[in-house]
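Below is one structure, written out as structure tokens; comments come after it.
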Amino acid sequence: MTTIVGKISVFLLAENRLLREALAKILNKKTDITVVGSAPLSSGVVLKITASSPQVLLFDPPHNTRGECSIIPPLRKALPTLKVVMIGMDPDKELFLRAVRDGIAGYVLKDATAPEVADAVRSVAENQAVCPAALCQALFEYVARQSPAYPNLLVKHHMGLTRREQQLVEMIGRGLTNKEIAVTLGLSEQTIKNHIHRMLRKLGASDRLAAAEMCRTDNSLLPA
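Mapped onto this note's numbering, the consecutive letters of the sequence shown carry residue numbers 1444 to 1667.
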């Protein structure tokens, strides 16, 4: 199907035909969105979606099984720029986090309004993530549990960093911003900036990433 220039192309993947038709009717009324295809989950659906080459996949997974997120990785491999928005029946943390690991860009609940669904499509098309407020805490906790981007990121004995500064180095190495660190530690962003400034001075590092790299490459390490 030919995509209309200037419109966000969307493919609808849902078991329920009435839901697909309702979503198509809602989205096609928007001046900046066009539905380029729809289908239930089936063995040949990856090829069908790939042939349509949509920008956004709006996906309502079957609710009688928990393993259907497995369709997302092969789709994103075939269409690297594809953004996936999943529709969830309720704030299901397990399904949500599995979908995050598989590469979704957005998640909306089944009771979302038509404008909210359309806004989610627009947001992911603009490389913004969409997460319901009810699942934000689960997402923060998931990120905090992940292995650091720098797996050997621990600190030398003679660097003289405080325990808090060691913690900051590890979090910087995981890619967290000052604001995210502040939220995680329950401190103000200014307090985090002050800690990082003192840490950089101790290390003689030019910036926060240089500090993380200095600690990563050192072989004389402290326990976390």
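Ideal Cβ positions, reconstructed from N, Cα and C, are used throughout, including at glycine. Source: prediction; values computed, not measured.
Cβ-Cβ distance between residue i and residue j below 7 Å
| i | j | result |
| --- | --- | --- |
| Gly1549 | Val1586 | no |
| Glu1464 | Pro1483 | no |
| Ala1568 | Ile1451 | yes |
| Phe1502 | Val1543 | no |
| Ala1655 | Gly1629 | no |
| Ile1515 | Gly1546 | yes |
| Leu1604 | His1638 | no |
8 Å Cβ shell around residue i - same chain, five flanking residues per side excluded
| i | result |
| --- | --- |
| Ala1467 | Leu1455, Val1478, Ser1481 |
| Thr1445 | The predicted position of Thr1445 is uncertain, since its pLDDT is 48 and thus under 50; no value can be drawn from it. |
Nearest candidate by alpha-carbon position, reference residue i, set the options
| i | options | result |
| --- | --- | --- |
| Met1420 | Thr1634, Leu1619, Gln1609 | Residue 1420 cannot be examined here, being either before or after the span of the chain that is shown, 1444 to 1667. |
| Asn1570 | Thr1474, Ser1649, Gln1498 | Gln1498 |
| Arg1460 | Thr1474, Arg1606, Pro1504 | Pro1504 |
| Gly1449 | Ala1577, Glu1632, Ile1476 | Ile1476 |
Same chain, Cβ closer than 6 Å to residue i, five either side skipped, listed in chain order
| i | result |
| --- | --- |
| Asn1662 | Caution is warranted here: a pLDDT of 37 is assigned to Asn1662, below 50, making its placement in the model unreliable, and the coordinate value is therefore given only provisionally. Hits under 6 Å: none found. |
| Pro1517 | Val1489 |
| Arg1519 | Leu1525, Gly1546 |
Close-in-space but distant-in-sequence residues of the same chain around residue i (CB under 7 Å, 5 per side omitted)
| i | result |
| --- | --- |
| Leu1522 | Thr1493, Ser1496 |
| Lys1553 | Ile1530, Gly1531, Met1532 |
| Gln1580 | none |
Assigned secondary structure, residue i (DSSP; H/G/I helix, E/B strand, else coil)
| i | result |
| --- | --- |
| Asp1554 | coil |
| Gly1616 | helix |
| Lys1526 | strand |
| Asp1477 | In the sequence as presented, Asp is not what sits at residue 1477; that position holds Thr. DSSP places Thr1477 in strand when its eight states are reduced to three. |
| Ile1515 | helix |
| Ser1566 | helix |
Any non-hydrogen atom of the ligand NAP within 6 Å of residue i CB
| i | result |
| --- | --- |
| Glu1632 | As far as ligands go, the structure on display features none, and thus does not contain the ligand NAP. |
Pair every Cβ in the region 1563-1571 with every Cβ in the region 1533-1543, then say whether three or more of these pairs are closer than 8 Å. Counting C-beta pairs closer than 8 Å gives fewer than three between the region 1563-1571 and the region 1533-1543, which falls short of the contact rule.
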